[in-house]
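For the sequence shown, our numbering assigns the number 1 to the initial residue and increments by one for each residue that follows.
Ideal placement from N, C-alpha and C gives every residue a C-beta, glycine not left out.
Note that the coordinates shown come from a computational prediction; the quantities given were computed from them, not determined experimentally.
Take a look at the structure below.
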Amino acid sequence: MKTALITGITGQVGSFLAEFLLGKGYEVHGIVRRASMYNRSRIEHLRADPDIYGSRLFLHYADLQDATPLRRLLCRVEPDEIYHLAGQSHVGLSFQIPESTVHEVAVATLSILEICRDLPKTPRFYHAASSEIFGSPEEFPQTEKTPYRPDNPYGCSKAFATQMVRVYRNAYGLFAVSGIAYNHESNRRGENFVTKKIARSAAELAMGREEPLVLGNLDSERDWGFASEYVEAMWLMLQAEVPRDLVLATGQSCSVRAFAKAAFLAAGIQLRFEGGGEDEIGVDEKTGKVLLRVSRDFYRKVDTVRLVGDPEPAREAIGWSARTIGCEVAKEMVRAELSTLGH
Ligand code: NDP
Numbered sequence: 001m002k003t004a005l006i007t008g009i010t011g012q013v014g015s016f017l018a019e020f021l022l023g024k025g026y027e028v029h030g031i032v033r034r035a036s037m038y039n040r041s042r043i044e045h046l047r048a049d050p051d052i053y054g055s056r057l058f059l060h061y062a063d064l065q066d067a068t069p070l071r072r073l074l075c076r077v078e079p080d081e082i083y084h085l086a087g088q089s090h091v092g093l094s095f096q097i098p099e100s101t102v103h104e105v106a107v108a109t110l111s112i113l114e115i116c117r118d119l120p121k122t123p124r125f126y127h128a129a130s131s132e133i134f135g136s137p138e139e140f141p142q143t144e145k146t147p148y149r150p151d152n153p154y155g156c157s158k159a160f161a162t163q164m165v166r167v168y169r170n171a172y173g174l175f176a177v178s179g180i181a182y183n184h185e186s187n188r189r190g191e192n193f194v195t196k197k198i199a200r201s202a203a204e205l206a207m208g209r210e211e212p213l214v215l216g217n218l219d220s221e222r223d224w225g226f227a228s229e230y231v232e233a234m235w236l237m238l239q240a241e242v243p244r245d246l247v248l249a250t251g252q253s254c255s256v257r258a259f260a261k262a263a264f265l266a267a268g269i270q271l272r273f274e275g276g277g278e279d280e281i282g283v284d285e286k287t288g289k290v291l292l293r294v295s296r297d298f299y300r301k302v303d304t305v306r307l308v309g310d311p312e313p314a315r316e317a318i319g320w321s322a323r324t325i326g327c328e329v330a331k332e333m334v335r336a337e338l339s340t341l342g343h
């Protein structure tokens with residue numbers, strides 16, 4: 001039985017990865033941090049299973065900003081594979097809390113690489129890098145060779161961590177890789193992410209909510225895939241013969257406007273857009289009611305307008321490609337929201 005350690009197991013992606021690795025027969029260890037409220041909702045179903053929790057799934061308290069317990073834990077667990085997913089993951093918020101973002105995303109990754117270097121049995125290491133390292137790119141689609149020019153503190157921190165993974169791979173021979181992942185979503189996404197806001201609002205508005213959904217730039221285009229599919233790519237990257245950074249993407253971009261239109265349609269509402277820029281609104285075709293507004297408050301300080309990744313190198317190297325793409329992601333998320341609301 002292989003042993004994996006996941007940082008960020010309580011997050012959106014970590015919870016899917018834990019399910020995936022348990023399904024593959026792994027012993028899984030997850031790092032959780034102390035909070036004033038118990039925060040395990042995404043993995044509660046695993047924790048509540050007596051056949052899993054305590055026999056193949058173990059949780060340990062640690063914090064990314066505290067390297068000593070991390071070192072102690074890694075020495076004790078001796079994982080074969082580390083999936084490093086933890087950290088502040090919200091781009092917009094990284095402008096409000098830049099220093100803790102840098103500590104959690106950049107410096108903590110370096111700390112874990114340093115610990116890995118010292119371990120007697122060196123684990124394979126996966127780092128959750130992000131398309132935000134490309135910022136406002138000049139080439140489309142982006143590849144592993146596209147220059148990094150991040151536009152926000154989160155992207156800068158991920159760029160630093162991605163470079164450090166490459167440096168440690170080359171300098172110390174670690175099997176350490178970065179998956180340069182484009183947006184991957186699900187109904188487990190955090191509440192303040194745009195896809196979750198859209199899916200939740202579309203479902204609630206279809207069920208009688210009065211307040212319209214308020215969004216930022218509707219022209220932003222992202223490469224949206226489904227989170228539960230991306231965890232397989234992470235695992236495949238650690239099973240490869242040669243360590244290599246890879247872009248993980250669908251290869252298709254979709255605007256926020258198109259994502260919202262698909263989401264509302266999945267909730268049974270035909271949305272018509274009127275006006276433009278900050279005056280744009282989304283109107284229910286049938287009732288004429290305004291269901292969506294735009295607000296400057298949700299614009300980013302520097303907005304990356306379009307990101308789309310090249311999925312081909314990952315398909316060739318590890319045989320992985322995304323199946324749920326763009327508007328399909330919106331539909332899946334709304335279906336899940338409707339079912340949560342008892343529709
Ligand atoms: P989430 O925000 O849902 O999860 C982040 C996880 O990190 C949570 O488990 C959180 O714990 C944990 N965490 C945050 N800070 C600390 C800390 N100081 N110490 C210990 N744990 C901490 O993100 P996702 O699951 O969506 O993403 C996983 C990783 O992939 C992140 O690094 C993200 O930046 C990266 N990524 C994600 C993409 C996406 O589209 N989802 C795209 C590209 C990269 P808690 O539950 O206590 O808050």
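Asked, Found
"Reference V334; option with closest CA among A176, A262 and E132", "A262"
"Heavy atom of ligand 1 within 8 angstroms of R300 beta-carbon", "no"
"Cβ-based neighbour list, A322, same chain, cut-off 6 angstroms, excluding 5 preceding and 5 following", "G225, E229 and T250"
"Straight-line gap, P79 to T146 (C-alpha atoms, nearest Å)", "32 angstroms"
"Between the CA atoms of A314 and F175 - distance to the nearest angstrom", "17 angstroms"
"R117, DSSP secondary structure in three states", "helix"
"Proximity test, Q252 beta-carbon vs ligand 1 heavy atom, cut-off 8 angstroms", "no"
"F273 beta carbon less than 9 angstroms from that of A330", "no"
"Alpha helix (DSSP H) segments (min. 4 residues) lying fully within the region 79-120", "98-101 and 108-118"
"Closer than 8 angstroms: Q12 CB and nearest ligand 1 heavy atom", "yes"
"S186 vs E221 beta-carbon contact at 9 angstroms", "no"
"Cβ-heavy atom distance, Y126 to ligand 1, below 8 angstroms", "no"
"First and last residue of the uninterrupted beta strand (DSSP E) at R56", "Premise fails: R56 is in no beta strand (DSSP E) and is neither H nor E."
"Inter-residue spacing [alpha-carbon to alpha-carbon] between L17 and L73", "20 angstroms"
"T122 to A317 span [Cα, whole Å]", "23 angstroms"
"Reference P150; option with closest CA among F160, R257 and I112", "F160"
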